[in-house]
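First to last, the protein sequences are chains A and B. For the first sequence, the numbering used here puts the final residue at 121, and the numbers step up evenly by one. For the second sequence, the numbering used here puts the final residue at 228, and the numbers step up evenly by one. Here's the structure, in structure tokens; my notes come after.
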Amino acid sequence: MNCTRIRRGLMQSGPANGDSPADPDQPVAEHLRHCAACRGFAERLQTARQGLRRHHAGIEPDAAFASRLSRRLATDTPTDLGRTALRLLPLSVAVLLLLFLISTQTRRLAEPAATITATEDAYLTWVLAADEENS
Amino acid sequence: MATMQLVWTLTGPGEAVPARAPDEARLVAAARKGDRDAFTELVQRNQRRVFRLAGRFFQQRADVEDTAQETFLRAWSRLDTYRERAPFEHWLTRICLNCCYTRLRREKGTLPLPANEPAVHGDPDAALEVRGLLSRLRPSDRFLLLLLEGEGWSVEEVAGRLGWSQVNVRVRAHRARKRLRRLLEEGGGP
């Protein structure tokens, strides 16, 4: 076995996988006996694992934590706000859709009127021009 | 195919698994109707466990307390989504872990040193070395390694508690361990 495979194996073993890094397989143990670099790696890994297990703040909640939180619940009222926002969401979407439809329809109705006006203007121009030609 | 049911709690490895309190359902139902006192009772029952879990990822009291507050506020606002298929404590674990993960990622890799209080129990030099090692890992790697190596949870347990797929956890765990291996090979380990 080469060093990379040994180290990969050591990384995969451990308490999370039901193995103990202190009791490696026979081929691994044999390799570690002869390879100082891997032995150093295994020692560093074991120290790191112990450190990770001990890595904990150990902080307990103080007696006033629940009451502080209770005050925040009263002021923030995320439940009420969240529920209201969720309830109003479909209504808001419906109102927006309705406004969009109304604006589209209004534009459509306004367009022919503009056409008529333009036609009338053109007709008037033509009549005036025709009168001038006939006069 | 036999199905495996995961049994897990917010308790530490050596602690006894608490039985489901008989009036928990009543308190949850009352809290759902907006009863803050009932929810405060649920907070008091679970606050030590939430602090214990948050303390795995954060070393300063302010961070641990903020995470715990965020956990309970999120639980309060999402009580409607709790289906009572598992104990309240399990549901709270998932929320707490998600809060920790979000907060860790927001830190963008920084790991502040504690001001006055001792961060880690035991040898202070070794503790600082572990902190140095963790500070060089990405927040997502740190999160997974603290669950796998720190809490001693298996991939299946992590997946179950976070609501992630086992493949997702396995891939992330592989990457996190690979980065840890490189750091240890560089001699930067403890």
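Glycine is no exception: its CB is placed at the ideal position from the N, C-alpha and C atoms. If you're wondering where the values come from, they're calculated on a predicted model, not measured in any experiment.
Problem - Proximity test, Cβ basis, 8 Å: A:ILE45 and chain D - result: Going by chain labels, chain D is absent from the structure shown, which instead holds the protein chains A and B.
Practice task
For A:THR61, count neighbouring Cβ atoms within 10 angstroms of its own Cβ and tell me buried if that reaches 16, exposed if not.
Solution key: A:THR61 comes out exposed.
Exercise for the section: Use the C-beta contact count for B:GLY198: other C-beta atoms within 10 angstroms, 16 or more gives buried, fewer gives exposed. Expected result: Classification of B:GLY198: buried, given that the 10 Å Cβ count is 16 or more.
Practice task
Measure the C-alpha to C-alpha separation of A:THR33 and A:ARG39 and round it to an integer number of angstroms.
Solution key: If I take the Cα positions, the gap works out to 10 Å.
Practice task
Take the Cβ of A:ASP48 as the centre, count every other Cβ of all protein chains shown within 10 Å, and call the residue buried at 16 or more, exposed below.
Solution key: The residue is exposed, with fewer than 16 neighbouring Cβ atoms inside 10 Å.
Handout entry: Closer than 8 Å to chain A by CB, B:TRP202
Key = By this cut-off, B:TRP202 is not an interface position.
Handout entry: Secondary structure of B:LYS216, DSSP reduced to three states
Key = B:LYS216: helix per DSSP, three-state reduction.
Exercise for the section: Can you tell me which of B:GLN107, B:PHE95, B:ARG213 and B:VAL207 puts its alpha carbon nearest to the alpha carbon of B:SER173? Expected result: Nearest C-alpha to B:SER173 among B:GLN107, B:PHE95, B:ARG213 and B:VAL207: B:PHE95.
Problem - 7 Å Cβ cut-off: residues of chain A touching B:GLY93 - result: Within 7 Å Cβ-Cβ: HIS42, ALA43, GLY44 and ILE45.
Exercise for the section: Count the other CB atoms, across all protein chains shown, that sit within 10 Å of the CB of A:ARG(-9); report buried if there are 16 or more and exposed otherwise. Expected result: Taking every protein chain shown into account, the CB of A:ARG(-9) has fewer than 16 other CB atoms within 10 angstroms, so this residue is exposed.
Handout entry: Continuous alpha helix (DSSP H) stretch holding B:GLU79: start and end
Key = For B:GLU79, the enclosing alpha helix (DSSP H) starts and ends at 74 to 95.
Practice task
Tell me, to the nearest whole angstrom, how far the beta carbon of B:ALA106 is from that of B:GLN85; I am working on the premise that it is less than 8 Å.
Solution key: A Cβ-Cβ distance of about 7 Å is found for the pair B:ALA106 and B:GLN85, placing them in contact under the 8 Å criterion.
Practice task
May I have a chain-ordered list of the alpha helix (DSSP H) segments no shorter than 4 residues that lie completely inside the stretch 93 to 138 of chain B?
Solution key: Look at the stretch 93 to 138 of chain B and you find these whole runs of alpha helix (DSSP H), each 4 residues long or longer: 99 to 115.
Handout entry: DSSP-derived helix/strand/coil call for A:HIS41
Key = A:HIS41 carries a coil assignment under DSSP once its states are collapsed to helix, strand and coil.
Practice task
Measuring alpha carbon to alpha carbon, tell me which of A:ALA50, A:THR90, A:SER53 and A:GLY44 ends up nearest B:VAL102.
Solution key: If we check each option's Cα against that of B:VAL102, A:GLY44 comes out closest.
Handout entry: Cutoff 8 Å: A:GLY37 Cβ touching any chain B Cβ
Key = Judged by the 8 Å Cβ criterion, A:GLY37 is in contact with chain B.
Problem - Any 3 or more C-beta pairs closer than 8 Å across the stretch 19 to 33 of chain A and the stretch 206 to 224 of chain B - result: The stretch 19 to 33 of chain A is in contact with the stretch 206 to 224 of chain B.
Problem - Any C-beta of chain B under 8 Å from that of A:LEU31 - result: Yes, its Cβ sits closer than 8 Å to a Cβ of chain B.
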